[in-house]
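Residue numbering for the sequence shown follows UniProt numbering, beginning at 1 and increasing consecutively.
The C-beta atom is built at its ideal place from N, Cα and C for all residues, glycine as well.
Predicted model only: the values in this text are computed from it and were never measured.
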Amino acid sequence: MKTDIEIAQGVELQPIVDVVEKVGISYDDLELYGKYKAKLSFEKIEAVKENELGKLILVTAINPTPAGEGKSTVTIGLADALSKIGQKTMIALREPSLGPVMGIKGGAAGGGYAQVLPMEDINLHFTGDMHAITTANNALSALIDNHIHQGNSLGLDQRRIIWKRVVDLNDRALRKVTVGLGGPLNGIPREDGFDITVASEIMAILCLATDLKDLKERLASIVIGYRFDRSPVYVRDLKVEGALTLILKEALKPNLVQTIYGTPAFVHGGPFANIAHGCNSVLATSTALRLADIVVTEAGFGADLGAEKFLDIKTPNLPKAPDAVVIVATLRALKMHGGVAKEHLSEENIAAVEAGFANLKRHVENIQKYGVPAVVAINEFVTDTPAEIAILKELCAKISVPVELTSVWANGAAGGVDLAETLINTIEAQPAQYKRLYQADDSLETKIMKIVTEIYGGKGLVFEKKARTQLGEFAKHGWDKLPVCMAKTQYSFSDDPTALGAPENFDITIREFVPKLGAGFIVALTGDVMTMPGLPKLPAALNMDVAEDGTAIGLF
């Protein structure tokens with residue numbers, strides 16, 4: 001059986017100029033990064049703003065196993081299947097982070113015969129967007145420390161600086177650091193720390209900005225810390241938003257690539273879904289909607305994280321809401337939620353599928369609360385048995401949700417045709433009536449409580465002392481009107497990663513809030529979720545190499 005990279009390297013790529021021609025993009029609209037990658041010009045983005053909007057399909061998933069459930073693979077395969085049945089289709093995906101690429105989860109370019117290409121470039125340095133975001137973030141850190149060193153005219157309390165440095169790797173040793181050591185010439189000593197780049201507020205800002213002007217305004221609104229009197233200090237106070245925008249001006253342009261089948265795809269931006277909002281850029285999704293009849297996009301991790309944030313944070317920034325949501329499920333994940341240990345997930349277990357279905361059922365019901373129709377996609381694995389597939393279809397029928405088996409990993413576009421046709425029929429039969437979960441005027445506590453009770457299935461909230469104090473401070477600043485971005489484990493509806501299935505009657509503990517004024521939301525940190533992940537005992541990097549001719553080896 002071929003690996004993902006062997007499949008990808010066996011495909012004869014088309015020039016990106018030819019791929020995007022089918023959605024009305026010409027050579028003059030592109031800024032080429034070689035033959036097979038390009039950025040779309042701001043001029044073209046502006047030129048299509050009055051175009052009629054296409055249909056928007058959001059792909060999400062049940063709570064995943066550590067290896068993921070193939071959500072990106074289904075997203076890509078579904079788009080290819082829609083192209084195959086004659087729909088003018090585009091994809092809008094996130095860019096992978098080197099952290100999970102080098103760690104355990106893998107990249108975000110799909111798999112098997114449902115991939116975006118060139119997968120090696122996309123999973124590694126691509127067009128340099130991650131590096132630009134890292135540089136802008138760390139430039140701000142340097143400017144903050146320099147301001148303090150040069151006299152601190154803003155009166156920043158160095159104990160209350162909340163802006164962290166970042167690196168796009170899983171490096172637990174950098175979570176807590178001390179900077180400015182070595183004497184007066186090296187600055188003022190203070191405690192600092194690193195997040196992973198995809199958790200940076202600048203990543204979130206890039207993915208929510210609509211143009212350069214909006215990007216600059218959002219960067220100016222970043223809270224970097226507090227004065228001794230506890231008043232907030234913003235980037236605009238440092239007067240460096242222009243410099244940061246300059247660093248990011250090329251990164252803001254969406255990247256264009258292709259699938260194995262030749263479907264054009266935007267791959268742009270990549271905030272994590274368990275510690276950020278988990279969606280590709282508004283600019284890419286909005287532009288795709290004006291170029292294609294159907295756009296397939298995804299949200300990170302399970303629907304309790306990625307889809308909730310897409311619908312409550314990203315959708316209000318889009319020209320339209322999703323017309324349908326596809327929830328990806330695998331039998332192995334259902335069996336895990338039904339109590340089966342990891343080493344036994346490949347064994348047939350009908351009872352475990354039935355027990356684990358509670359997880360999928362809750363996700364379906366949650367999506368329906370937003371007024372958007374749901375369709376279940378069973379991402380097929382070779383270990384799935386006919387009896388397991390049959391019971392899952394039967395269970396879906398009992399809750400009146402359409403379900404289709406997909407084999408896009410093994411069969412590419414052909415393996416997603418049934419799902420594509422069911423999706424089209426669902427959209428025609430059930431027009432979406434989108435409604436947000438909470439109102440902007442709701443308090444932060446009310447917003448979080450609605451997420452906990454309506455989406456997670458919990459019963460209450462526990463605020464640790466710091467979080468309780470912050471609630472009052474944020475209300476005083478007027479920040480309580482912003483959406484909430486929950487930082488939570490992806491493995492469970494609760495903040496306990498071991499509580500699988502569909503747990504009930506639990507409390508969610510909020511340990512701290514982080515204001516992301518530039519992004520336009522407040523992050524609520526729960527459990528022990530880390531904004532700088534660590535590497536596993538046997539990271540994927542151990543399998544990677546490069547041949548003498550430059551060919552990548554072992555990249556999935």
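Q.
alanine 142 and isoleucine 247 - do their beta-carbons sit closer together than 9 angstroms?
A. The sequence position of residue 247 within the sequence shown is 247, counting from 1. The sequence position of residue 142 within the sequence shown is 142, counting from 1. At a Cβ-Cβ threshold of 9 angstroms, isoleucine 247 and alanine 142 do not count as neighbours.
Q.
Given a cut-off of 9 angstroms on the beta-carbon distance, is the pair serine 281 and phenylalanine 266 in contact?
A. By one-based count along the sequence shown, residue 281 stands at place 281. By one-based count along the sequence shown, residue 266 stands at place 266. Yes.
Q) Expressed to the nearest angstrom, what Euclidean distance is found between the alpha-carbon atoms of leucine 345 and alanine 67? A) Here residue 345 refers to the residue found at position 345 when the sequence shown is read from its first residue. Here residue 67 refers to the residue found at position 67 when the sequence shown is read from its first residue. About 13 angstroms.
**Q.** Beta-carbon proximity of glycine 86 to threonine 259, cut-off 9 angstroms
**A.** The sequence position of residue 86 within the sequence shown is 86, counting from 1. The sequence position of residue 259 within the sequence shown is 259, counting from 1. No, Cβ-Cβ distance for glycine 86 and threonine 259 is not below 9 angstroms.
(Q) In this structure, how does DSSP classify proline 184 when only helix, strand and coil are distinguished? (A) Counted from its first residue, the sequence shown places residue 184 at position 184. Three-state DSSP puts proline 184 in a helix.
Q. When the Cα atoms are used, what is the spatial distance from alanine 420 to isoleucine 57?
A. What you label residue 420 is simply residue 420 of the sequence shown in a count that begins at 1. What you label residue 57 is simply residue 57 of the sequence shown in a count that begins at 1. Roughly 11 angstroms separates the two Cα atoms.
Q | Start and end residues, beta strand (DSSP E) containing leucine 248 | A | Position 248 of the sequence shown, counting from 1, holds the residue named residue 248. Element bounds for leucine 248: not the beta strand (DSSP E) but the alpha helix (DSSP H), 241-248.
(Q) Beta-carbon within less than 7 angstroms of valine 353's beta-carbon, same chain only, minus the 5 sequence neighbours each way: which residues are those? (A) Mapped onto the sequence shown, residue 353 falls at position 353. Around valine 353: Leu331, Leu334, Lys335, Gly338, Glu388, Ile391, Leu392.
Q: Find the nearest neighbour of phenylalanine 493 within the set Asp545, Val223, Glu308, judged by alpha-carbon distance.
A: Mapped onto the sequence shown, residue 493 falls at position 493. Comparing alpha carbon positions, the residue from Asp545, Val223, Glu308 closest to phenylalanine 493 is Glu308.
Q | Bridge partner(s) assigned by DSSP for phenylalanine 194 | A | In the sequence shown, the residue the question calls residue 194 occupies position 194. According to DSSP, phenylalanine 194 bridges with Arg165.
Q | Closest Cα partner of isoleucine 508 within the set Ala467, Asp214, Ala541 | A | If you number the sequence shown from 1, residue 508 lands on position 508. Of the candidates Ala467, Asp214, Ala541, the one whose C-alpha sits nearest the C-alpha of isoleucine 508 is Ala467.
**Q.** Segment contact flag, the segment 502-520 with the segment 206-224, C-beta cutoff 8 angstroms, min 3 pairs
**A.** In this structure the segment 502-520 lies against the segment 206-224, because at least three pairs of beta carbons, one per stretch, are closer than 8 angstroms.
Q. Sorted by chain position, which residues of the same chain lie with C-beta nearer than 7 angstroms to aspartate 480's C-beta, five sequence neighbours on each side aside?
A. In the sequence shown, residue 480 corresponds to position 480, counting from 1. Scanning its chain for C-beta atoms nearer than 7 angstroms, with the 5 sequence neighbours on each side dropped, one finds around aspartate 480 the residues Ser443, Leu444, Phe474, in chain order.
Q | Whether leucine 256 touches isoleucine 16 by CB criterion (9 angstroms) | A | The residue labelled residue 256 in the question sits at position 256 within the sequence shown. The residue labelled residue 16 in the question sits at position 16 within the sequence shown. For leucine 256 and isoleucine 16, yes; Cβs fall inside 9 angstroms.
Q. If you draw a straight line from the alpha carbon of glycine 77 to that of asparagine 379, how long is it in whole angstroms?
A. Along the sequence shown, one-based indexing puts residue 77 at 77. Along the sequence shown, one-based indexing puts residue 379 at 379. Rounded to whole angstroms, glycine 77 to asparagine 379 spans 11 angstroms at the Cα level.
Q. Would you say the segment 406-419 touches the segment 111-118, given that touching needs at least three Cβ pairs under 8 angstroms?
A. Yes, the segment 406-419 is in contact with the segment 111-118.
Q. For the beta strand (DSSP E) that arginine 227 lies in, which residues bound it at each end?
A. Translated into the one-based positions of the sequence shown, residue 227 becomes position 227. 223-227 is the span of the beta strand (DSSP E), which, as asked, contains arginine 227.
Q) Roughly how many whole angstroms lie between the Cα atoms of valine 101 and aspartate 28? A) One-based indexing of the sequence shown puts residue 101 at position 101. One-based indexing of the sequence shown puts residue 28 at position 28. One C-alpha to the other measures close to 33 angstroms.
Q.
So, under 8 angstroms CB-CB, lysine 216 and glutamate 241 are touching, yes? Tell me the CB distance rounded to an integer number of Å.
A. In the sequence shown, residue 216 corresponds to position 216, counting from 1. In the sequence shown, residue 241 corresponds to position 241, counting from 1. A Cβ-Cβ distance of about 5 angstroms is found for the pair lysine 216 and glutamate 241, placing them in contact under the 8 angstroms criterion.
Q: Kindly say whether methionine 486, judged by its beta-carbon, lies nearer than 9 angstroms to any beta-carbon of chain D.
A: The chain inventory of the structure shown lacks chain D, comprising one protein chain alone.
Q: Whole angstroms is fine: what's the gap from leucine 32's alpha carbon to valine 19's?
A: Here the question's residue 32 lines up with position 32 in the sequence shown. Here the question's residue 19 lines up with position 19 in the sequence shown. Answer to the nearest angstrom: the Cα atoms are 13 angstroms apart.
Q) To the nearest whole angstrom, what separates the beta carbons of arginine 236 and aspartate 157, a pair I think is in contact under 8 angstroms? A) The residue labelled residue 236 in the question sits at position 236 within the sequence shown. The residue labelled residue 157 in the question sits at position 157 within the sequence shown. The beta-carbon separation of arginine 236 and aspartate 157, rounded to 18 angstroms, does not stay under the 8 angstroms limit for a contact.
Q: State whether the segment 186-195 contacts the segment 124-136, with contact taken as three or more CB pairs (one from each stretch) at a distance under 8 angstroms.
A: No, they do not touch.
Q) Under a three-way DSSP split, which group does threonine 3 fall into? A) In the sequence shown, the residue the question calls residue 3 occupies position 3. Per DSSP, reduced to three states, the secondary structure at threonine 3 is coil, with no helix or strand assignment.
Q. Which whole runs of the beta strand (DSSP E) in the segment 464-527 are 3 residues long or more, in chain order?
A. DSSP runs (the beta strand (DSSP E)) wholly in the segment 464-527: 484-487, 507-516, 521-526.
Q | Cβ-Cβ separation, isoleucine 104 to proline 497 (assumed contact under 8 angstroms), whole Å | A | Within the sequence shown, numbered from 1, the residue matching residue 497 stands at position 497. Within the sequence shown, numbered from 1, the residue matching residue 104 stands at position 104. Not a contact, Cβ separation roughly 14 angstroms.
Q: Measure how close the beta-carbons of alanine 351 and alanine 502 come, nearest whole angstrom, since I'm counting them as under 8 angstroms.
A: Position 351 of the sequence shown, counted from the first residue, corresponds to residue 351. Position 502 of the sequence shown, counted from the first residue, corresponds to residue 502. The Cβ separation is near 16 angstroms, so there is no contact.
Q) Going by other Cβ atoms of all chains shown within 10 Å of its Cβ, with 16 needed for buried, is methionine 1 buried or exposed? A) Residue mapping note: residue 1 aligns to position 1 of the sequence shown, counting from 1. Sixteen is the threshold: since fewer than 16 other Cβ atoms of the shown chains lie within 10 Å of the Cβ of methionine 1, the residue is exposed.
**Q.** alpha helix (DSSP H) segments (min. 4 residues) lying fully within the segment 335-393
**A.** Whole alpha helix (DSSP H) segments, 4+ residues: 350-369.
Q) Are there 16 or more other CB atoms within 10 angstroms of the CB of threonine 528, so buried, or fewer, so exposed? A) Locating residue 528 in the sequence shown gives position 528, counting from the first residue. With the sequence shown as reference, residue 528 is identified as aspartate, and threonine is not the correct amino acid for it. Within a 10 Å sphere around the beta-carbon of aspartate 528 sit fewer than 16 other beta-carbons, which makes this residue exposed.
Q.
Helix, strand or coil for methionine 119? Go by DSSP, reduced to three states.
A. Your numbering for residue 119 matches position 119 in the sequence shown. Under the three-state reduction of DSSP output, methionine 119 falls in the helix class.
Q) In the DSSP assignment, what residue or residues form a beta bridge with cysteine 279? A) Against the sequence shown, residue 279 aligns to sequence position 279. Residue pairing of cysteine 279 in beta bridges, as defined by DSSP: Ala299.
Q.
Nearest by alpha-carbon distance to alanine 324: which of Pro264, Lys35, Val59, Ala355 is it?
A. Start at 1 with the first residue of the sequence shown, and residue 324 comes out as number 324. Distance check between alanine 324 and each of Pro264, Lys35, Val59, Ala355 places Val59 closest, using alpha-carbon atoms only.
Q | Contacting residues, own chain, Cβ-Cβ under 7 angstroms from threonine 489 (five flanking each side not counted) | A | Residue 489 sits at position 489 when you count from the first residue of the sequence shown. A distance below 7 angstroms between beta-carbons, with the five flanking residues on each side excluded, links threonine 489 to the following residues of its chain, in chain order: Asn274, Asp495, Pro497, Gly527, Val529.
Q. Would you say leucine 535 and arginine 172 are within 9 angstroms of each other, going by their C-beta atoms?
A. Taking the first residue of the sequence shown as 1, we reach residue 535 at position 535. Taking the first residue of the sequence shown as 1, we reach residue 172 at position 172. Less than 9 angstroms divides the Cβ of leucine 535 from the Cβ of arginine 172.
Q) Roughly how many angstroms lie between the CA atoms of isoleucine 294 and arginine 218, to the nearest whole one? A) Taking the sequence shown and counting its residues from 1, the one referred to as residue 294 is at position 294. Taking the sequence shown and counting its residues from 1, the one referred to as residue 218 is at position 218. Cα to Cα, isoleucine 294 sits roughly 30 angstroms from arginine 218.
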